[in-house]
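**Student:** Here it is, the structure, as structure tokens.
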Ligand code: SAH
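In my numbering, the protein residues as written are -11 to 200.
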């Protein structure tokens, strides 16, 4: 990432509502070029989703930024991400929280993400190959959960793995249409839901695992 790429990306992020300094710094430290194949390297710093392996996509930087901002990760937080892709969002979270667990149902993507994080020395991320719709009970509870695939409703097992006072950001809506970002906060007596008024388009959360 050249200084010009960084500067342009930061200007775009700010103009699209990513203003939190900690989030901008974490994104500045995360070179998106490391998370796309050679074919798409030249376009890595554009604010668009791009194709990755297994027919999936790497998210648009401004959407990653706004979701990260809404999640409001604190330095001591244990965070779960569902839908690793090639690991771009997880890398950004690794600069904000204490420990990041990220689950990916495509085994090939989980392998690519692990290799990239190891190569870059991002040692507080653990990539798990599996179905993240059931969460990660053995590491629960989590302070923050970020779902980067669309669900029809916030998945029950994920809600159950939130710590009291913790929150989850999830795109909610019928697959393949526009979804709305929702933030769910666990309270002493139940859950508070807030619509973030931000339309997004994610691939659907699919149950089960894929070996490719
Ligand atoms: N967070 C990624 C974006 C990934 S796109 C980034 O930083 O760019 C969404 C990903 O969710 C896809 O890779 C898809 O395979 C994965 N996914 C969908 N359903 C899943 C599930 N049940 N468990 C784990 N991963 C899932």
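We put the CB at the ideal spot given by N, CA and C, even for glycine.
Find the nearest neighbour of residue 132 within the set 55, 93, 165, 187, judged by alpha-carbon distance.
**Tutor:** 55
**Student:** When you compare the stretch 65 to 82 with the stretch 96 to 111, are there three or more beta-carbon pairs, one atom per stretch, that lie closer than 8 Å?
**Tutor:** yes
**Student:** Cα-Cα, which of 122, 127, 157, 175 is closest to residue 197?
**Tutor:** 122
**Student:** From residue 109 to residue 174, what distance separates their C-alpha atoms?
**Tutor:** 33 Å
**Student:** Who does residue 39 pair with in a DSSP beta bridge?
**Tutor:** 45
**Student:** Closest by CA to residue 119, which one among 100, 112, 146, 140?
**Tutor:** 146
**Student:** Of the choices 144, 142, 81, whose alpha-carbon is the least far from that of residue 114?
**Tutor:** Ranking 144, 142, 81 by Cα distance to residue 114 puts 81 first.
**Student:** Taking 7 Å as the cut-off, is the beta-carbon of residue 94 closer than that to any non-hydrogen atom of the ligand SAH?
**Tutor:** yes
**Student:** Evaluate residue 90 with the Cβ neighbour count: other Cβ atoms within 10 Å of its Cβ, from every protein chain shown; 16 or more gives buried, anything less gives exposed.
**Tutor:** buried
**Student:** Flag residue 190 as yes when its Cβ comes closer than 7 Å to any non-hydrogen atom of the ligand SAH, and as no otherwise.
**Tutor:** yes
**Student:** Could you tell me whether any non-hydrogen atom of the ligand SAH is closer than 7 Å to the CB of residue 178?
**Tutor:** no
**Student:** Could you tell me the alpha carbon to alpha carbon distance between residue 203 and residue 28, rounded to whole angstroms?
**Tutor:** Because residue 203 is not part of the residues shown, which for the chain are -11 to 200, the question remains open.
**Student:** Please indicate yes or no: does the CB of residue 1 lie closer than 7 Å to some heavy atom of the ligand SAH?
**Tutor:** no
**Student:** Compare the beta carbon distance of residue 24 and residue 32 with 8 Å and say whether it is the shorter of the two.
**Tutor:** yes
**Student:** Tell me the DSSP secondary structure of residue 63 in three-state form.
**Tutor:** coil
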